[in-house]
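Enquirer: I have a structure I would like to understand better, so I am pasting it below and will then ask my questions one at a time.
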Amino acid sequence: MNDLFLAINAFFAILFWRASTEAFNQDANHAGWFLIFLSAYNFASLIAKLL
21 MNDLFLAINA FFAILFWRAS TEAFNQDANH AGWFLIFLSA YNFASLIAKL
71 L
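Residue numbers for the sequence shown follow this note's numbering, so the first one is 21 and each next one is one higher.
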């Protein structure tokens, strides 16, 4: 179960990061910053689980 959580969490970290870069490319800065926050939060959660 833990491996599944890590895989899903890594997938969402990449997904949020890609969505945020696309939002910045489309000049939707508010959405871009929100998605960067989600990506950072998700990545921090992933690192906390690994440690």
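Where a beta carbon is used, it is the ideal one built from N, C-alpha and C, also for glycine. What you are looking at is a predicted structure, and each value in this text was computed from that prediction instead of being measured.
Pull up the distance between the alpha-carbon of Leu55 and that of Ala30, whole angstroms please.
Expert: Looking up residue 55 in the sequence shown gives position 35. Looking up residue 30 in the sequence shown gives position 10. Whole-angstrom Cα-Cα distance: 15 Å.
Enquirer: Identify whether Asp47 lies in helix, strand or coil by the three-state DSSP scheme.
Expert: In the sequence shown, the residue the question calls residue 47 occupies position 27. Correct three-state label for Asp47: coil.
Enquirer: Using 8 Å for Cβ pairs, my map puts Leu70 next to Ala33. What's the rounded Cβ distance?
Expert: Counting from one through the sequence shown, the residue named residue 70 turns up at place 50. Counting from one through the sequence shown, the residue named residue 33 turns up at place 13. Under the criterion of beta carbons closer than 8 Å, Leu70 and Ala33 do not qualify as touching, at roughly 12 Å.
Enquirer: Write down the C-beta distance between Asn62 and Phe36 rounded to the nearest angstrom, noting that I regard them as a contact closer than 8 Å.
Expert: Working through the sequence shown from its first residue, we reach residue 62 at position 42. Working through the sequence shown from its first residue, we reach residue 36 at position 16. The Cβ separation is near 6 Å, so the contact holds.
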